[in-house]
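Visitor: As they're listed, the protein sequences go chains B and L. Position 149, counted from 1, in the first sequence is what the working numbering calls 149; the numbers after and before it change by one each time, with no gaps. Position 65, counted from 1, in the second sequence is what the working numbering calls 65; the numbers after and before it change by one each time, with no gaps. We put the CB at the ideal spot given by N, CA and C, even for glycine. One structure follows; several queries about it will come next.
There are 2 protein chains.
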Amino acid sequence: MARKNAFYAQSGGVTAVINASACGVLETARQHPDRIAKVYAGRNGIIGALTEDLIDTSVESEAAIAALKHTPGAAFKSCRYKLGSFHENRAQYERLIEVLRAHDIGFFLYNGGGDSQDTTHKVSQISAELGEPIVCVGIPKTVDNDLPITDCSPGFGSAAKYLATSLREAAFDLAAMSRTSTQVLVLEVMGRHAGWTTAACALAAEQEGDAPHVLLMPEVAFNEDRFLAKVTDAYKRYGNCVVAVSEGVKTPDGQFLSAGSKDAFGHAQLGGVAPLIASLISAKLGLKCHRAVPDYLQRSARHIASKTDVEQAYAVGRAAVEFAIAGRSAVMPAIRRISDAPYRWDIVEAPLSKVANQEKLLPPDFISPDGFGITEAARRYLAPLIIGECYPPFKDGLPNYVKLQNAAVPEKLASTFTVQALTTAGG
Amino acid sequence: MARKNAFYAQSGGVTAVINASACGVLETARQHPDRIAKVYAGRNGIIGALTEDLIDTSVESEAAIAALKHTPGAAFKSCRYKLGSFHENRAQYERLIEVLRAHDIGFFLYNGGGDSQDTTHKVSQISAELGEPIVCVGIPKTVDNDLPITDCSPGFGSAAKYLATSLREAAFDLAAMSRTSTQVLVLEVMGRHAGWTTAACALAAEQEGDAPHVLLMPEVAFNEDRFLAKVTDAYKRYGNCVVAVSEGVKTPDGQFLSAGSKDAFGHAQLGGVAPLIASLISAKLGLKCHRAVPDYLQRSARHIASKTDVEQAYAVGRAAVEFAIAGRSAVMPAIRRISDAPYRWDIVEAPLSKVANQEKLLPPDFISPDGFGITEAARRYLAPLIIGECYPPFKDGLPNYVKLQNAAVPEKLASTFTVQALTTAGG
Numbered sequence: 001m002a003r004k005n006a007f008y009a010q011s012g013g014v015t016a017v018i019n020a021s022a023c024g025v026l027e028t029a030r031q032h033p034d035r036i037a038k039v040y041a042g043r044n045g046i047i048g049a050l051t052e053d054l055i056d057t058s059v060e061s062e063a064a065i066a067a068l069k070h071t072p073g074a075a076f077k078s079c080r081y082k083l084g085s086f087h088e089n090r091a092q093y094e095r096l097i098e099v100l101r102a103h104d105i106g107f108f109l110y111n112g113g114g115d116s117q118d119t120t121h122k123v124s125q126i127s128a129e130l131g132e133p134i135v136c137v138g139i140p141k142t143v144d145n146d147l148p149i150t151d152c153s154p155g156f157g158s159a160a161k162y163l164a165t166s167l168r169e170a171a172f173d174l175a176a177m178s179r180t181s182t183q184v185l186v187l188e189v190m191g192r193h194a195g196w197t198t199a200a201c202a203l204a205a206e207q208e209g210d211a212p213h214v215l216l217m218p219e220v221a222f223n224e225d226r227f228l229a230k231v232t233d234a235y236k237r238y239g240n241c242v243v244a245v246s247e248g249v250k251t252p253d254g255q256f257l258s259a260g261s262k263d264a265f266g267h268a269q270l271g272g273v274a275p276l277i278a279s280l281i282s283a284k285l286g287l288k289c290h291r292a293v294p295d296y297l298q299r300s301a302r303h304i305a306s307k308t309d310v311e312q313a314y315a316v317g318r319a320a321v322e323f324a325i326a327g328r329s330a331v332m333p334a335i336r337r338i339s340d341a342p343y344r345w346d347i348v349e350a351p352l353s354k355v356a357n358q359e360k361l362l363p364p365d366f367i368s369p370d371g372f373g374i375t376e377a378a379r380r381y382l383a384p385l386i387i388g389e390c391y392p393p394f395k396d397g398l399p400n401y402v403k404l405q406n407a408a409v410p411e412k413l414a415s416t417f418t419v420q421a422l423t424t425a426g427g
Numbered sequence: 001m002a003r004k005n006a007f008y009a010q011s012g013g014v015t016a017v018i019n020a021s022a023c024g025v026l027e028t029a030r031q032h033p034d035r036i037a038k039v040y041a042g043r044n045g046i047i048g049a050l051t052e053d054l055i056d057t058s059v060e061s062e063a064a065i066a067a068l069k070h071t072p073g074a075a076f077k078s079c080r081y082k083l084g085s086f087h088e089n090r091a092q093y094e095r096l097i098e099v100l101r102a103h104d105i106g107f108f109l110y111n112g113g114g115d116s117q118d119t120t121h122k123v124s125q126i127s128a129e130l131g132e133p134i135v136c137v138g139i140p141k142t143v144d145n146d147l148p149i150t151d152c153s154p155g156f157g158s159a160a161k162y163l164a165t166s167l168r169e170a171a172f173d174l175a176a177m178s179r180t181s182t183q184v185l186v187l188e189v190m191g192r193h194a195g196w197t198t199a200a201c202a203l204a205a206e207q208e209g210d211a212p213h214v215l216l217m218p219e220v221a222f223n224e225d226r227f228l229a230k231v232t233d234a235y236k237r238y239g240n241c242v243v244a245v246s247e248g249v250k251t252p253d254g255q256f257l258s259a260g261s262k263d264a265f266g267h268a269q270l271g272g273v274a275p276l277i278a279s280l281i282s283a284k285l286g287l288k289c290h291r292a293v294p295d296y297l298q299r300s301a302r303h304i305a306s307k308t309d310v311e312q313a314y315a316v317g318r319a320a321v322e323f324a325i326a327g328r329s330a331v332m333p334a335i336r337r338i339s340d341a342p343y344r345w346d347i348v349e350a351p352l353s354k355v356a357n358q359e360k361l362l363p364p365d366f367i368s369p370d371g372f373g374i375t376e377a378a379r380r381y382l383a384p385l386i387i388g389e390c391y392p393p394f395k396d397g398l399p400n401y402v403k404l405q406n407a408a409v410p411e412k413l414a415s416t417f418t419v420q421a422l423t424t425a426g427g
């Protein structure tokens, strides 16, 4: 079979381990020089392909590529950019194919969440329609853990480990202070419409009474009275209360709870659900609250990454290249769970048609009857995903992360292309 | 000399390593059974002494005591409670001495910040006035690093390491997203009136252009125009901008910048400076902002503690006991820096009269001329304090922290004592 170049890009919100997938892609591609000439990375995800802004990864040393395995962020930069439907955005897709062909790219590897899998699926279909099929493989990634078919999404296990660790630590702090100071701590957790990351906070608890005492997940409509009663009960029992709240928690009519939140300038405040919940508790229960909003810290905390997650992130990157050179297109490597304890897993092939544009929420049997906690089934699912430490090397007291050269590939096309007004959609 | 019991208590906001000081106290006391019979800990700091709510540490195993060295929070619980002046609060002091005498306590060891050193100093003076001197030794602790005389305060180095690590990681995330999404990240940092923790964020930067790009410290009055110009400049140069802001940053007239901040219920919102700064940047510069507020996470993150800090925290606990059995009263073990590189330090004796009620702010020569960064002198001071990793043991993917039995010492006094209305003052 012909030797071709490969395109690889990172998309959507980044994670502590998406670069471990990049490492898996690049190291595996280098093991197949007969099939893959060079890997060109898109600078800023798919935008790099559209604007012919490609990065030549072949100039990077083996040591630099290996260091990606312990470096957070996205080495080639990511984007929030959705290509949209072929029907309405034909020019974009044609431009994309034109760039890929100009650089002799036969393999298209796209590392992202649900929207990115949809893009990969479309590129697969359209390249075939346009007469020169490109092998397209999606690579899963999202701290939200909302991709279907795959048992979990790389990035989630590390965010889960960070959150459960941080919550346990902060709960020790709160317990020390609650006699004379703060009585309630509210921790705001990412995850968009899915409660996986908030559910993972529950792993911090080892026994009855341990924090977190209350979870607020998007899958359960917020009920103020029941919530305040739950906080009151926890505070009375344990002397303090830790609440983990999903940024995406919703009112019974499906609106984001934080939608009405205004900042000091009267603008709608996004991601402001923890201050809102803390204010509610202070005002209605008279308890002193602190709120913690780790925001990007939770998805970039490579220093406390899950070893399991790092291994899975690497494995899906490696498998994507193996699928590609086997000619498997419109597929995504998915993690299959073989057993909970001991935790065993392997990689299987998932068709992108079944992955794209689906959102896997917490199943009802993972949520406790009162809606404020998780079940044993959820705990069995979550527990193995945070196992193992995988510390980065440290230098001068801080993690020693790599920055690649990111040398540009010379342009081949005379034409230029301006991406449409950039949106914040796409994951 | 007579064999006496010792009292030990933890006070003020807790840290990732105050229990390492407790470990130093307890392990050292156990090495001197001829001088120290038992160590009784105050439950909830000094409140435990006032209410005769003492904990018998002698029932704890050696393994449990050793595990304190890697456990955050305060094992015996802390308090925010200030005894006040002897003149106005004579009954409290007399009660305190009564309890200490009833339990044959000859050594008073109090682990906290500036207010706690003041308390320790007063107890020393008053016990002498009341005719039976108790040897009183303060033990330094505060993430704010604002204690005088000691080169640094145990707790600070670990908060600094957590903040610089987290900021570096989040900056990798931001750099990956800024082309199409978030352009500015605002990280809110604790530290009250002192900018030490915010200054430590600057350690994340290795070279020109690295985050953080702007620091807002309480020592420099906030100037909106100059700040926005600085953010604009950084964004233009680097494509994104990371701001670290002290919770205690002030307006030119000395008010907290966040003082006017209201929550959704119209109440004053404390610690809300990051949302305020993020809103300002969005409104005035049109840049998309995220804000991270780690709150308690930054002072309890034992998983990323500084080895140097852990060792110093242990050393001041050990030295406190050594000072006490040497009969040194009204003193505090202080860390003395011998050299920057290689970093060498030892423990010296500081008189509490010079420590109490003083606040060490960032010196002017540590702040860069424009007020938004630190100097090389500051970097030389800060750099060694975050050196070394000192991971706790992990179990099931999470740090394995100890909870002591905290068995109560039987009461000896018929009288009870109710502490005055609890305040949030005191550190």
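Please report the straight-line C-alpha distance between Glu94 (chain L) and Gly209 (chain L), rounded to a whole angstrom.
Guide: For the purposes of this step, residue 94 (chain L) is identified with residue 94 of the second sequence, where counting begins at 1. For the purposes of this step, residue 209 (chain L) is identified with residue 209 of the second sequence, where counting begins at 1. In a straight line, the C-alpha of Glu94 (chain L) is about 58 Å away from that of Gly209 (chain L).
Visitor: Can you tell me whether Cys289 (chain B) is helix, strand or coil according to DSSP?
Guide: Here residue 289 (chain B) corresponds to residue number 289 of the first sequence, with the count starting at 1. Here Cys289 (chain B) sits in strand by DSSP.
Visitor: Would you report the Cα separation of Val243 (chain B) and Cys289 (chain B), rounded to the nearest angstrom?
Guide: Walking along the first sequence from the start, residue 243 (chain B) turns up at place 243. Walking along the first sequence from the start, residue 289 (chain B) turns up at place 289. Each residue's Cα considered, the two are about 10 Å apart.
Visitor: According to DSSP, Arg336 (chain L) sits in a beta bridge with which residue or residues?
Guide: Locating residue 336 (chain L) in the second sequence gives position 336, where the first residue counts as 1. Answer is L:Asp346, bridged to Arg336 (chain L).
Visitor: Quick one: using the 10 Å Cβ neighbour count with 16 as the cut-off for buried, is Ile338 (chain B) buried or exposed?
Guide: As a working mapping, residue 338 (chain B) is identified with position 338 in the first sequence. Looking at its Cβ environment, which holds fewer than 16 other Cβ atoms inside 10 Å, Ile338 (chain B) is exposed.
Visitor: Indicate the three-state DSSP secondary structure (helix, strand or coil) for Ser246 (chain L) in the structure shown.
Guide: Looking up residue 246 (chain L) in the second sequence gives position 246. Here Ser246 (chain L) sits in strand by DSSP.
Visitor: Rounded to whole angstroms, what's the CA-CA distance from Asp34 (chain L) to Ile325 (chain L)? Just pull it up for me.
Guide: Here residue 34 (chain L) refers to the residue found at position 34 of the second sequence. Here residue 325 (chain L) refers to the residue found at position 325 of the second sequence. In a straight line, the C-alpha of Asp34 (chain L) is about 10 Å away from that of Ile325 (chain L).
Visitor: Considering only residues of the same chain and omitting the five flanking positions on each side of Ala274 (chain B), which have a CB-CB separation below 8 Å?
Guide: If you number the first sequence from 1, residue 274 (chain B) lands on position 274. These residues qualify, in order along the chain: Val186, Leu187, Glu188, Val245, Arg291, Ala292 and Val293.
Visitor: Roughly how many angstroms lie between the CA atoms of Phe417 (chain B) and Thr51 (chain B), to the nearest whole one?
Guide: Mapped onto the first sequence, residue 417 (chain B) falls at position 417. Mapped onto the first sequence, residue 51 (chain B) falls at position 51. Cα to Cα, the separation comes out at about 5 Å.
Visitor: Do Gly45 (chain B) and Ser78 (chain B) have their C-beta atoms closer together than 8 Å?
Guide: Locating residue 45 (chain B) in the first sequence gives position 45, where the first residue counts as 1. Locating residue 78 (chain B) in the first sequence gives position 78, where the first residue counts as 1. Yes, Cβ-Cβ distance for Gly45 (chain B) and Ser78 (chain B) is below 8 Å.
Visitor: Mind checking the region 59 to 84 of chain B against chain L and listing, in chain order, the residues whose C-beta falls within less than 9 Å of any C-beta there?
Guide: Per Cβ criterion, the list reads Thr71, Pro72, Gly73, Ala74, Ala75, Phe76, Lys77, Ser78, Cys79, Arg80 and Tyr81.
Visitor: Does Ser181 (chain B) pass the burial test, meaning 16 or more other C-beta atoms within 10 Å, or should it be called exposed?
Guide: Taking the first residue of the first sequence as position 1, residue 181 (chain B) is located at position 181. Ser181 (chain B) should be labelled buried.
Visitor: Where do the ends of the beta strand (DSSP E) carrying Asp56 (chain L) lie?
Guide: For this step, residue 56 (chain L) is matched to residue 56 along the second sequence. It spans Leu54 to Asp56 - the beta strand (DSSP E) in which Asp56 (chain L) sits, taken as one unbroken run.
Visitor: When you compare the CB of Asp144 (chain L) with every CB in chain B, is at least one pair closer than 8 Å?
Guide: Your numbering for residue 144 (chain L) matches position 144 in the second sequence. No, because no Cβ of chain B sits closer than 8 Å to the Cβ of Asp144 (chain L).
Visitor: The beta strand (DSSP E) with Cys136 (chain L) in it runs from where to where?
Guide: By 1-based counting over the second sequence, the position of residue 136 (chain L) is 136. Its beta strand (DSSP E) spans residues Val135 to Pro140.
Visitor: Could you run through the region 171 to 196 of chain B and flag, in chain order, every residue whose CB is less than 9 Å away from some CB of chain L?
Guide: Those residues of the region 171 to 196 of chain B that come within reach of chain L (Cβ to Cβ, closer than 9 Å) are Ala171, Phe172, Asp173, Leu174, Ala175, Ala176, Met177, Ser178, Arg179, Thr180, Ser181, Thr182, Leu185, Leu187 and Glu188.
Visitor: What did DSSP end up calling Thr423 (chain B) once you bin it into helix, strand or coil?
Guide: One-based indexing of the first sequence puts residue 423 (chain B) at position 423. Because the pLDDT of Thr423 (chain B) is 45, which lies under 50, any placement of that residue in the model is unreliable, and the number read from its coordinates should be weighed accordingly. Note: Thr423 (chain B) maps to coil in three-state DSSP.
Visitor: Answer with yes or no whether the minimum CB distance from Thr372 (chain B) to chain L is below 8 Å.
Guide: As a working mapping, residue 372 (chain B) is identified with position 372 in the first sequence. Sequence inspection shows Phe at residue 372 (chain B); the Thr mentioned does not correspond to that position. For Phe372 (chain B), the answer is no, since every Cβ of chain L falls outside 8 Å of its Cβ.
Visitor: Run through chain B and tell me which residues come within less than 9 Å of Leu203 (chain L), C-beta to C-beta.
Guide: Along the second sequence, one-based indexing puts residue 203 (chain L) at 203. What Leu203 (chain L) touches in chain B: Asp396, Gly397 and Leu398.
Visitor: Does the beta-carbon distance from Val25 (chain B) to Gly239 (chain B) come in below 8 Å?
Guide: The residue labelled residue 25 (chain B) in the question sits at position 25 within the first sequence. The residue labelled residue 239 (chain B) in the question sits at position 239 within the first sequence. Cβ distance not < 8 Å, so Val25 (chain B) and Gly239 (chain B) don't count as in contact.
Visitor: Give me the residue from B:Arg168, B:Glu219 and B:Cys152 with the minimum Cα distance to Ser300 (chain L).
Guide: To locate residue 300 (chain L), count along the second sequence from 1; it is residue 300. Ser300 (chain L) has its Cα closest to that of B:Arg168, out of B:Arg168, B:Glu219 and B:Cys152.
Visitor: Which residue's Cα is closest to the Cα of Ile304 (chain L): L:Gln183, L:His193, L:Gly388 and L:Leu174?
Guide: As a working mapping, residue 304 (chain L) is identified with position 304 in the second sequence. The candidate whose alpha carbon is nearest that of Ile304 (chain L) is L:Gly388.
Visitor: Count the other CB atoms, across all protein chains shown, that sit within 10 Å of the CB of Lys250 (chain B); report buried if there are 16 or more and exposed otherwise.
Guide: Indexing the first sequence from 1 puts residue 250 (chain B) at position 250. Classification for Lys250 (chain B): buried.
Visitor: Looking at Thr308 (chain L): is its Cβ nearer than 8 Å to the Cβ of Pro384 (chain L)?
Guide: Against the second sequence, residue 308 (chain L) aligns to sequence position 308. Against the second sequence, residue 384 (chain L) aligns to sequence position 384. Against a cut-off of 8 Å, the Cβ pair of Pro384 (chain L) and Thr308 (chain L) comes out as a contact.
Visitor: Would you say the region 9 to 20 of chain L touches the region 170 to 177 of chain B, given that touching needs at least three Cβ pairs under 8 Å?
Guide: They touch, by the three-pair rule.
Visitor: So with CB distances below 8 Å, who are the chain B contacts of Ile387 (chain L)?
Guide: Along the second sequence, one-based indexing puts residue 387 (chain L) at 387. Ordered by position in chain B, the residues that pass the 8 Å Cβ test against Ile387 (chain L) are Asp396 and Gly397.
Visitor: Looking at the structure shown, is Ile325 (chain L) part of a helix, part of a strand, or coil, going by DSSP?
Guide: To locate residue 325 (chain L), count along the second sequence from 1; it is residue 325. Note: Ile325 (chain L) maps to helix in three-state DSSP.
Visitor: Going by CA-CA distance only, name the one from L:Arg328, L:Gln183, L:Ile134 and L:Gly195 that's closest to Leu285 (chain L).
Guide: As a first step, residue 285 (chain L) must be located in the second sequence, where it is residue number 285. The option with the nearest alpha carbon to Leu285 (chain L) is L:Gln183.
Visitor: Identify each residue in the region 82 to 112 of chain L for which the Cβ-Cβ distance to at least one residue of chain B is less than 9 Å, and report them in chain order.
Guide: Cβ contacts with chain B come from no residue of the region 82 to 112 of chain L.
Visitor: Could you check what DSSP says for Asn400 (chain B) in three-state terms: helix, strand or coil?
Guide: Residue mapping note: residue 400 (chain B) aligns to position 400 of the first sequence, counting from 1. Asn400 (chain B): coil per DSSP, three-state reduction.
Visitor: Under three-state DSSP, which class holds Gly114 (chain B)?
Guide: Mapped onto the first sequence, residue 114 (chain B) falls at position 114. Correct three-state label for Gly114 (chain B): helix.
Visitor: Tell whether a beta-carbon distance below 8 Å holds between His70 (chain B) and Pro393 (chain B).
Guide: Position 70 of the first sequence, counted from the start, is the residue given in the question as residue 70 (chain B). Position 393 of the first sequence, counted from the start, is the residue given in the question as residue 393 (chain B). Yes, the pair counts as a contact, with Cβ atoms nearer than the cut-off.
Visitor: Beta-carbon of Gly272 (chain B) versus every beta-carbon of chain L: anything under 8 Å?
Guide: Position 272 of the first sequence, counted from the start, is the residue given in the question as residue 272 (chain B). At least one chain L Cβ lies under 8 Å of Gly272 (chain B).
Visitor: Near Gly371 (chain L), what residues of its chain come up, given a Cβ to Cβ distance below 7 Å and the 5 sequence neighbours on each side ignored?
Guide: To locate residue 371 (chain L), count along the second sequence from 1; it is residue 371. So the list reads Val220, once near-sequence residues are dropped.
Visitor: CB Ile139 (chain L) to CB Leu100 (chain L), shorter than 8 Å?
Guide: What you label residue 139 (chain L) is simply residue 139 of the second sequence in a count that begins at 1. What you label residue 100 (chain L) is simply residue 100 of the second sequence in a count that begins at 1. Taking 8 Å as the Cβ cut-off, Ile139 (chain L) and Leu100 (chain L) do not qualify as a contacting pair.
Visitor: Measuring only between beta-carbons, confirm whether Leu215 (chain L) sits less than 8 Å from chain B.
Guide: Position 215 of the second sequence holds residue 215 (chain L). For Leu215 (chain L), the answer is no, since every Cβ of chain B falls outside 8 Å of its Cβ.
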